[in-house]
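All residue numbers for the sequence shown refer to my numbering, where the first residue is 13 and numbers rise by one.
By construction, the Cβ of each residue, glycine as well, lies at the ideal position given by its N, Cα and C atoms.
Following: one structure in structure tokens, then a few remarks.
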Amino acid sequence: MRRANPPNASAFFRRFSERLRRADGFDLATLAVFAALLVVIALTFRVYAVSNDEWVQHHYGELILNYYKSGFTDRALFQFDNLYLYGGLFDITAVALSSIVPLEVYDLRHLMTALCGLGGIAAAAALARRIAGPRAGFLAALLLATCAAWYGTMFNHTKDIPLAAAMTAASYFLICAARGLPRPQWRHIFGFGLFTGLALGIKVLGLLLPVYAGVAVVMSLPRPLTIRGSVRHITTAALRFMPAFVLAYLIMIAAWPWAALAPLNPLRGLFQFAEFHYHITTWLHGQSYEMANAPRLYVPIYLAIRLPLLLLGAAIFTLVLMMLPRAMVRVLPAHARQETALVILMVLFPLACQVIGHGPAFTGMRHFLFVVPPIAALAAIGLDAVLAALARGHIALAATAFALVLGNAGWNAHRMVELHPYEYLYYNQLVGGLHGADRRYVMDYWVGVMPASVAQLGQFLERTEGGKKVVPPVYSVGVCGERKSFARELKVQGLIHRLRWTADWNRADFFIAPTHGNCDRVLEGRTIAAITRDDTLIGVVKDRRRTTRPAIVDATP
């Protein structure tokens, strides 16, 4: 009996080459987008600032692990502000990996978030590809990758980005499962349950996914409708989805201990989020509001002014296509229309709940980042339909239109490079870009200017005091931001012995502030550093020593 020859490298590469030859060109282009993003992420993830919430969230992950290690006796996590209302999946993972991955803990978190953001792009591409084909998948990946409102948040929005990625992946598997209703394939059921659980393990908004599943089942009811047939269809589908919900529930309670204390706690958490009322100020059209009093259309307006216009316009075009009678629109087959309608629901339903319920709102569109990947998928579906229609009679026109789409993506990427590492401050032309949004809309709410501000302050001191032989004084710094973020930059940049935090801003020798909320105007002082993008001031460092230490200033050349 002859033994089978062991696999060798040449055979592997032959099979790989054969698969490449058979692969669709747009699928290969999508993979190229992912590869380019991986390289950019690897080169830049260390330059982003620690956000205001990150140290709180990381400590929450430590408290959850302590809860489990103590055999459920260390219950400190339930008294840690309102963090118990959130799932801790990302934070638990970050804490666990921090002991084995040789990266500074916040660099690790930023790398993890960026990879989640890349996963969200992949999920949006898969969603669009499933509905409209490989070209739509490529367009979704390209549109979302060059959407600064998404990419710019990929490095330190450590709840919003992982939640959005998990919800988009779950939506993809739901679309896949919907094609097989009432008996979808088990791999699609498993994928839907897995990613629904991951979403719920981050934030209670993952409860939207079972709602979408229910809508998908109703949309798949056999025609003509009969009571007996409908009941049988719904019962069969519900039983088929049951393992997914069990899996999701198990993942949720493992990552969210408060949810395990009582069966209805997730619903209670959802309603408590709707009633959050902190004294947090936000901005819209130059007017300041407390989060509880923000206008009903606050979130839709921010989506309209933060998303690139092609992405926004193409998504709206797809919505219009779906509103037209089927006889008038033949570019989308019947199954694609139904699946696109479900994706539209995933965008409009949470927005409608926010508007009708008049929930609290602040920091722009941050809490609704989970609708951005589905919007990108809708935009890709609409653009693909246009390109397909043009290609049937005007190949040159279709090629020109496709080139314009690529050119727009290139222009958006150029704008992101100009804003780096503050890509999340992007505003579109509806408000005149970042310059038009200045002092009128939310700006650097995460104080992303912290690394540059501390670095420039250190350079200023070295330039003005570096040659002196006397021991330089330790200066106090008032910061319009979180102490942990400032302390981390002192450590990273080796300034821990030159600068110290002070909560008493009136006695601060230096003042660091973003222009968000006009915080830079709170204290007077000589501006020694200005962080700008697009000819717009986004952060300052002020020297206040003429007030606090006039003798030192008078002696400084």
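Close beta carbons around residue i, own chain, < 6 Å, minus the five adjacent residues each side
i, result
"M281", "The residue you asked about is not Met; residue 281 is Gly in the sequence shown. Counting only Cβ-Cβ distances below 6 Å, and skipping sequence neighbours, we find L97, V216."
"F207", "A178, A181, A182"
"G537", "F523, K554, D555, R556"
"G298", "R452"
"E74", "V107"
"D65", "none"
"Y314", "G376, M377"
"T559", "none"
"T539", "V552, K554"
"W67", "K496"
"H430", "Reading off the sequence, residue 430 comes out as Glu, not His. Nothing meets the Cβ criterion."
"P278", "V216, A271"
"M13", "Note that M13 has pLDDT 45, beneath the 50 cutoff, so the model's placement of it is unreliable and no number is given."
"L123", "F57"
"A571", "In the structure as shown, the chain starts at 13 and stops at 569, and residue 571 therefore has no counterpart that could be examined."
"P433", "V59, Y60"
"I508", "L502"
Cutoff 7 Å; reference residue i; Cβ partners in own chain excluding five residues on either side
i, result
"Y310", "L296, A373"
"L395", "L151, A326, V417"
"S465", "I524, A541, I543, G551, V553"
"T646", "In the structure as shown, the chain begins at 13 and stops at 569. Residue 646 is therefore absent and cannot be evaluated."
"V398", "A413"
"S22", "none"
"P255", "I201, G205"
"L120", "A106, L109, S110, V113"
"P269", "I76, Y79, L89"
Integer-rounded CB distance, given that residue j should sit under 8 Å from residue i
i, j, result
"L381", "T165", "6 Å"
"A161", "Y436", "7 Å"
"G445", "D516", "Their Cβ separation, rounded to whole angstroms, is 37 Å, which puts G445 and D516 out of contact at 8 Å."
"I76", "L55", "Rounded, the Cβ-Cβ distance is 32 Å, inconsistent with contact."
"L155", "A388", "5 Å"
"L331", "I356", "6 Å"
"G132", "I173", "7 Å"
"V62", "Y118", "5 Å"
CB contact flag (residue i, residue j, <8 Å)
i, j, result
"A140", "I328", "no"
"P385", "A136", "yes"
"C159", "P320", "yes"
"F46", "A126", "no"
"A211", "L175", "yes"
"A391", "I143", "no"
"M455", "P562", "no"
"I317", "Y184", "no"
"R308", "V243", "no"
"K69", "K171", "Note that residue 69 corresponds to Gln in the displayed sequence, not to Lys. Yes, Cβ-Cβ distance for Q69 and K171 is below 8 Å."
"F92", "Y60", "no"
"P362", "L221", "no"
"I263", "A271", "no"
"P484", "R500", "no"
"A225", "L186", "yes"
"G209", "L259", "yes"
"E351", "A190", "yes"
"M462", "G493", "yes"
"M335", "Y163", "no"
"R87", "Y80", "no"
"A410", "L402", "yes"
"L333", "M231", "no"
"G213", "A267", "yes"
Bridge-paired residues (DSSP) for residue i
i, result
"I543", "G551"
"S183", "Answer is none; S183 lacks a bridge partner."
"F522", "V489, D555"
"L296", "Q299"
"W513", "V489"
"R495", "Per DSSP, none; premise fails for R495."
"R538", "D555"
Cutoff 8 Å; reference residue i; Cβ partners in own chain excluding five residues on either side
i, result
"L50", "L130"
"L549", "D450, T527, D532, A542, I543"
"W513", "S488, V489, V491, R495, F498, A499"
"C365", "G371"
| message | Using a Cβ distance threshold of 8 Å, determine whether the region 139-159 contacts the region 91-108, with at least three qualifying pairs required. | response | They do not touch, by the three-pair rule.
| query | Are the region 485-503 and the region 511-531 touching by the rule of at least three beta carbon pairs closer than 8 Å? | reply | Yes, the region 485-503 is in contact with the region 511-531.
| task | Would you be able to state if there are at least three C-beta pairs under 8 Å between the region 190-205 and the region 167-174? | result | Touching, no, given that fewer than three Cβ pairs across the two stretches are closer than 8 Å.
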